[in-house]
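Asks:
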Amino acid sequence: MAAEQGVWSVTRPGIGMGKTMRALVLLLWFAARGSALYFHIGETEKKCFIEEIPDETMVIGNYRTQLYDKQREEYQPATPGLGMFVEVKDPEDKVILARQYGSEGRFTFTSHTPGEHQICLHSNSTKFSLFAGGMLRVHLDIQVGEHANDYAEIAAKDKLSELQLRVRQLVEQVDQIQKEQNYQRWREERFRQTSESTNQRVLWWSILQTLILVAIGVWQMRHLKSFFEAKKLV
Amino acid sequence: LLLLLLAPGPGGASEITFELPDNAKQCFYEDIAQGTKCTLEFQVITGGHYDVDCRLEDPDGKVLYKEMKKQYDSFTFTASKNGTYKFCFSNEFSTFTHKTVYFDFQVGEDPPLFPSENRVSALTQMESACVSIHEALKSVIDYQTHFRLREAQGRSRAEDLNTRVAYWSVGEALILLVVSIGQVFLLKSFFSDKRTTTTRVGS
Numbered sequence: 001m002a003a004e005q006g007v008w009s010v011t012r013p014g015i016g017m018g019k020t021m022r023a024l025v026l027l028l029w030f031a032a033r034g035s036a037l038y039f040h041i042g043e044t045e046k047k048c049f050i051e052e053i054p055d056e057t058m059v060i061g062n063y064r065t066q067l068y069d070k071q072r073e074e075y076q077p078a079t080p081g082l083g084m085f086v087e088v089k090d091p092e093d094k095v096i097l098a099r100q101y102g103s104e105g106r107f108t109f110t111s112h113t114p115g116e117h118q119i120c121l122h123s124n125s126t127k128f129s130l131f132a133g134g135m136l137r138v139h140l141d142i143q144v145g146e147h148a149n150d151y152a153e154i155a156a157k158d159k160l161s162e163l164q165l166r167v168r169q170l171v172e173q174v175d176q177i178q179k180e181q182n183y184q185r186w187r188e189e190r191f192r193q194t195s196e197s198t199n200q201r202v203l204w205w206s207i208l209q210t211l212i213l214v215a216i217g218v219w220q221m222r223h224l225k226s227f228f229e230a231k232k233l234v
Numbered sequence: 001l002l003l004l005l006l007a008p009g010p011g012g013a014s015e016i017t018f019e020l021p022d023n024a025k026q027c028f029y030e031d032i033a034q035g036t037k038c039t040l041e042f043q044v045i046t047g048g049h050y051d052v053d054c055r056l057e058d059p060d061g062k063v064l065y066k067e068m069k070k071q072y073d074s075f076t077f078t079a080s081k082n083g084t085y086k087f088c089f090s091n092e093f094s095t096f097t098h099k100t101v102y103f104d105f106q107v108g109e110d111p112p113l114f115p116s117e118n119r120v121s122a123l124t125q126m127e128s129a130c131v132s133i134h135e136a137l138k139s140v141i142d143y144q145t146h147f148r149l150r151e152a153q154g155r156s157r158a159e160d161l162n163t164r165v166a167y168w169s170v171g172e173a174l175i176l177l178v179v180s181i182g183q184v185f186l187l188k189s190f191f192s193d194k195r196t197t198t199t200r201v202g203s
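First to last, the protein sequences are chains A and B.
First residue of the first sequence? That's 1 in the UniProt record's numbering, and the numbers climb one at a time after it.
First residue of the second sequence? That's 1 in the UniProt record's numbering, and the numbers climb one at a time after it.
1) Which stretch, first to last residue, makes up the beta strand (DSSP E) that contains residue 196(A)?
2) If you measure from the beta carbon of residue 75(A) to each beta carbon in chain B, is any gap under 8 angstroms?
3) With residue 40(B) and residue 105(B) assumed to form a contact (beta carbons below 8 angstroms), what rounded beta-carbon distance in angstroms separates them?
4) Enumerated in chain order, which unbroken segments of the beta strand (DSSP E) with a length of 3 residues or greater are wholly contained in the stretch 78 to 156 of chain B?
5) Tell me where the beta strand (DSSP E) around residue 153(A) begins and ends.
6) Is the CB-CB distance between residue 96(A) and residue 51(A) below 8 angstroms?
7) On a Cα-Cα basis, can you pick out the residue from 163(A), 164(A) and 176(A) that is closest to residue 147(A)?
8) Using the C-alpha atoms, what's the distance from residue 224(A) back to residue 196(A)?
9) Does chain B have any CB closer than 8 angstroms to the CB of residue 156(A)?
10) With a cut-off of 8 angstroms on the beta carbons, I'd call residue 91(A) and residue 112(A) a contact; round off their distance for me.
11) Would you kindly work out how many angstroms separate the C-alpha atoms of residue 207(B) and residue 168(B), rounded to a whole number?
12) Chain A partners of residue 191(B), CB-CB under 8 angstroms?
13) What residues from chain B crowd round residue 38(A), counting only those whose CB sits closer than 8 angstroms?
14) Quick check on residue 62(B): does DSSP put it in helix, strand or coil?
15) Less than 8 angstroms between the beta carbons of residue 170(A) and residue 137(B), yes or no?
16) Chain A partners of residue 151(B), CB-CB under 9 angstroms?
17) Taking one C-beta from the stretch 53 to 66 of chain B and one from the stretch 84 to 91 of chain B each time, how about it: are there three or more such pairs within less than 8 angstroms?
18) With 8 angstroms as the threshold, decide whether the Cβ of residue 200(B) is near any Cβ in chain A.
19) May I ask you to list the residues that DSSP assigns as paired with residue 72(B)?
20) Is it true that the CB of residue 41(A) sits closer than 8 angstroms to the CB of residue 136(A)?
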């Protein structure tokens, strides 16, 4: 995705027809490839995606919508009136991003607590006639952590050579691995706590159950004995 | 130029974790060029028996991959024609458990770091070393992801077990009390009736 964006943003001055033609072809070709993964969403449907990430991790989402045109019987880019509402919740169910975007949008957020973040998308169809019971096609691309970095931008900003940029990419990757392992340690501790809690509960429950059984047995016998004695059967 | 148009280009990977409600089917589509090597890997993280139906179709509707009630699988294929490939996950066999499914769809190679036009110049030793470290780290991250998913699954099962133990112990305590007290009163009621019949017979 970064490479595709690089081609879009870097303008190549027409040094010669050959070069411009080549650039145009590349542009068109990247445009054709820029569809990414897509799915269909209904009018009032809400689609949620989960990202389990460590803290201080950046997540970038790109989406593009297309509406089914019945006359032409194909998907056309959606009209500007049709947008998507993006809502991001952190692991404690607190909303960290709730914004309306147009028919094509890009949302970014950085996690501050490790855990399961939920990204929900639904359309804000104000004009129901546009949908006409059809489906909206949403192209979605979510990049997490190191994949979210735009290396072309980093190279330009810090003026890095090719080799320096490669090493920088390796550093970012190792950073991500380290964060994930820290998060793993925290999660394993939670898992251990749950297992130990289950263990304790089972232990106490069996002791309690035995005590209850014995107590009830004793009560039953005593109650029945006194009952029969009262009825002069014993 | 024409060759460039036909040749498979930089692809990418889509890693998505989504919720699949009960009796639901979720499909994803991607336009793939001919000759691109693609890999679809999926894993069920939470819900029920941790299984899901998966199906992959080519642009003509021919089923390339179909598995029912699979917990984890990985499928590699090379696109035989240009077009829209579709893969679907189905939870239609389940009546009340909704599942969380993770999938990783890798299309072609990852885009290169530099959007340079000429990749003709050979890489220096340092650059080759960087490339091999990069590939190794990518596989480390991939293993980490799978480890995280397995741990999430294990933790989900452990938390399920914990809740079940809690409910079951409370339920059993109540049942025990109700049954034992009930038994005593039932027995008492038998003897009360018999007593009246015996006295009637006696007199």
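Virtual Cβ for every residue (Gly too), placed ideally from N, Cα, C.
Replies: The answer reads as follows:
1) That residue, residue 196(A), is in no beta strand (DSSP E); its alpha helix (DSSP H) goes 162 to 230.
2) Interface criterion not met: the Cβ of residue 75(A) is under 8 angstroms from no Cβ in chain B.
3) Confirmed, Cβ separation roughly 5 angstroms.
4) Fully enclosed beta strand (DSSP E) runs of 3 or longer: 83 to 90 and 99 to 107.
5) Here residue 153(A) belongs to no beta strand (DSSP E); instead the alpha helix (DSSP H) covers 151 to 158.
6) No.
7) Out of 163(A), 164(A) and 176(A), 176(A) has the C-alpha closest to the C-alpha of residue 147(A).
8) So the alpha carbons of these two residues sit roughly 42 angstroms apart.
9) By this cut-off, residue 156(A) is not an interface position.
10) About 10 angstroms; that fails the 8 angstroms criterion.
11) What is shown of chain B runs 1 to 203, which leaves residue 207(B) out entirely.
12) Ordered by position in chain A, the residues that pass the 8 angstroms Cβ test against residue 191(B) are 227, 228, 231 and 233.
13) Close to residue 38(A), with beta-carbon spacing below 8 angstroms, are these residues of chain B in chain order: 28, 29 and 30.
14) Coil, per DSSP.
15) The answer is yes: Cβ separation under 8 angstroms.
16) Taking a Cβ-Cβ threshold of 9 angstroms, the residues of chain A close to residue 151(B) are 184, 187, 188 and 191, in chain order.
17) Cβ pair count under 8 angstroms is three or more, so yes.
18) A caution first: residue 200(B) carries a pLDDT of 49, below 50, which makes its placement in the model too unreliable to give a value.
19) Looking at the DSSP assignment, residue 72(B) forms a beta bridge with 43(B).
20) Their beta carbons are under 8 angstroms apart, which means residue 136(A) touches residue 41(A) by this criterion.
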